[in-house]
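Novice:
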Amino acid sequence: MKKNKYFIILAVIATLLVVPQWCLGQEEQKNLTGYGELEDRTVLYEVVLHLYRWYLDETDAQKIVGQNTCIFHVRPLNVALDPGDKSLFGSIVLPQLGVSVVMKKADYAIQELDLVVKSDGFKIINVARDLSESNENFNEIKLNYADIRDFAFRNRNLSRFPDENLLMRMRLSARGQILKYLEDREKAGLPNRIGTVSELFKKEQILHLSPLSKVANEMWVFWETGRMLIRFSSDLDLENPALWDHDDLAVDIYNIDEQTVVSLDEVAGSNAYMTRDQVGRILFNCIVLGKRLVIETLTAEEVEAAKKKAVLQ
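Mapping of the sequence shown onto this note's numbering: position 18 corresponds to residue 18, and the numbering continues sequentially without gaps.
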């Protein structure tokens, strides 16, 4: 009898050990492999640092000042994927700040390009102030608030920038898009405050690069000469050579003069605008924390090559 009782106890212990830490429903429990990274202290610290630089302000800080712990609600997300797509999605919510972060770990293939897109970890793809779905099916993690605050403070000016090869690739990807944007405006009879295409590229080009983030595959550039903000993004890590071999890079251009509003309510339903607050944060990261580059004027041959690239894209 004692022997049977011993085995029963072992069985109960074994069962307890394999119960997942996530407070999840049956659907979420089907696909837990690979999500432990979202609970890693290093990842959570880097997420906070990213928010510290790009989203949070003094009013956010006042919500948590004086508290002993910083609370994170972490859970996987069920997202409908194409056949063969093994990407993982997860949510990290900071309820004390009212901030929700969606992260993605890309793992899929682009058959047409014979390219496997696989990121080396979870990367931020969206940050919102909407906590409507954050109150269930999560694992709560509590970390020392003072430690996180001190980490963000120590690293607030820490900057890492692309190497020369990556910068060259970015220039080539952006140049065609910029020329196409400006030429389309000229054809439509829209004024360009910065002048015509030919006039613009006769000038010295001044750029300000934002630092790279460990938890986001994006980078912003303030093109001072053209008065524009340029966002580079990809599912692949920006420093991965495979990205440049296949030119799988998204380039978004924002005209500061025309695409800046006080509130997105003014342009409800459009994602072509940014608020003055967003623009200000980007400029801070590009100019104050960033790297300034001066590029010589383009030759006629370089301009024509960029135009051809824009047509192909």
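Don't be surprised by glycine CBs; every beta carbon is placed ideally from N, CA and C. It should be emphasised that the depicted structure is a prediction, and the values quoted were computed from it without experimental measurement.
Residue 83: buried (16+ other C-beta within 10 angstroms of its C-beta) or exposed?
Specialist: Counting Cβ neighbours within 10 Å, residue 83 comes out exposed, since fewer than 16 surround it.
Novice: How close, in whole Å, do the beta carbons of residue 47 and residue 101 come, if the pair is a contact with beta carbons under 8 Å?
Specialist: The Cβ separation is near 6 Å, so the contact holds.
Novice: Fully enclosed by the stretch 230 to 299, which beta strand (DSSP E) runs are 3 residues long or longer?
Specialist: You should have 250 to 255 and 291 to 295.
Novice: Quick check on DSSP: helix, strand or coil for residue 64?
Specialist: Of the three classes helix, strand and coil, the one that applies to residue 64 here is helix, per DSSP.
Novice: Specify the secondary structure class of residue 225 as computed by DSSP and reduced to three states.
Specialist: Here residue 225 sits in coil by DSSP.
Novice: Which of helix, strand or coil does DSSP assign to residue 93?
Specialist: Three-state DSSP puts residue 93 in a strand.
Novice: For residue 59, does the three-state DSSP call read helix, strand or coil?
Specialist: Looking at residue 59 - three-state DSSP - the assignment turns out to be helix.
Novice: From residue 160 to residue 95, what does the alpha carbon distance come to, in whole angstroms?
Specialist: For residue 160 and residue 95, the distance between alpha carbons rounds to 30 Å.
Novice: Assuming residue 144 and residue 69 make a contact with CB atoms under 8 Å, what is their CB distance in whole Å?
Specialist: The Cβ separation is near 7 Å, so the contact holds.
Novice: Return the CA-CA distance between residue 99 and residue 168, expressed in angstroms with no decimal places.
Specialist: In a straight line, the C-alpha of residue 99 is about 35 Å away from that of residue 168.
Novice: Take residue 266 and list the residues in its own chain whose beta-carbon comes closer than 8 Å to its own, dropping the five residues that flank it on each side.
Specialist: Taken in chain order, the residues that qualify are 273.
Novice: Which residues share a DSSP beta bridge with residue 73?
Specialist: BP columns for residue 73 point to 93 and 140.
Novice: Report the rounded CA-to-CA distance for residue 181 versus residue 239, giving the unit in angstroms.
Specialist: Roughly 26 Å separates the two Cα atoms.
Novice: Can you tell me where the beta strand (DSSP E) holding residue 147 begins and where it ends?
Specialist: First-last for residue 147: 145 to 154, but that is the alpha helix (DSSP H), not the beta strand (DSSP E).
Novice: Assuming residue 109 is part of the beta strand (DSSP E), what are its boundary residues?
Specialist: Its beta strand (DSSP E) spans residues 107 to 110.
Novice: Whose C-alpha, out of 155, 217, 295 and 108, is nearest the C-alpha of residue 223?
Specialist: The residue with the shortest Cα to Cα distance from residue 223 is 295.
Novice: Taking one C-beta from the stretch 55 to 71 and one from the stretch 211 to 226 each time, how about it: are there three or more such pairs within less than 8 Å?
Specialist: No: the two stretches stay apart, fewer than three of their Cβ pairs being nearer than 8 Å.
Novice: With DSSP as the reference, please indicate the residues paired to residue 216 in a beta bridge.
Specialist: Bridge partners of residue 216: 213.
Novice: Looking only at its chain, what residues have a beta carbon closer than 7 Å to the beta carbon of residue 263, apart from the 5 residues adjacent to it on each side?
Specialist: Within the same chain, residue 263 has close Cβ partners 275.
Novice: Apply the 10 Å Cβ neighbour rule to residue 92 and answer buried if 16 or more other Cβ atoms are within range, or exposed otherwise.
Specialist: The residue is buried, with at least 16 neighbouring Cβ atoms inside 10 Å.
Novice: For my contact list, residue 52 and residue 152 are in at a C-beta cut-off of 8 Å; report their separation, rounded to the angstrom.
Specialist: Rounded, the Cβ-Cβ distance is 4 Å, consistent with contact.
Novice: Closer than 8 Å is the cut-off here; do at least three beta carbon pairs connect the stretch 276 to 293 with the stretch 198 to 208?
Specialist: Yes, they touch.
Novice: Identify, in the order they occur along the chain, each residue of the same chain with its Cβ nearer than 6 Å to the Cβ of residue 311, setting aside the five sequence neighbours on each side.
Specialist: In this prediction, residue 311 scores a pLDDT of 44, lower than 50, which makes its location untrustworthy; the coordinate-derived value is nonetheless stated afterwards. Excluding sequence neighbours, residue 311 sits near nothing in its chain.
Novice: Out of curiosity, what's the CA-to-CA distance linking residue 188 and residue 235?
Specialist: Cα-Cα distance, rounded: 33 Å.
Novice: Considering only the beta carbon of each residue, do residue 107 and residue 123 sit closer than 9 Å?
Specialist: Not a contact, by the Cβ cut-off of 9 Å.
Novice: At which residues does the beta strand (DSSP E) containing residue 115 begin and terminate?
Specialist: Run containing residue 115: 115 to 118, per the beta strand (DSSP E) assignment.
Novice: Could you give the first and the last residue of the continuous beta strand (DSSP E) run that contains residue 126?
Specialist: Per DSSP, residue 126 belongs to the beta strand (DSSP E) from 123 to 128.
Novice: Determine the closest residue to residue 277 out of 269, 287 and 260, with distance taken between C-alpha atoms.
Specialist: If we check each option's Cα against that of residue 277, 260 comes out closest.
Novice: Would you mind sorting residue 79 into buried or exposed? The rule is 16 or more other CB atoms within 10 Å of its CB.
Specialist: Exposed.
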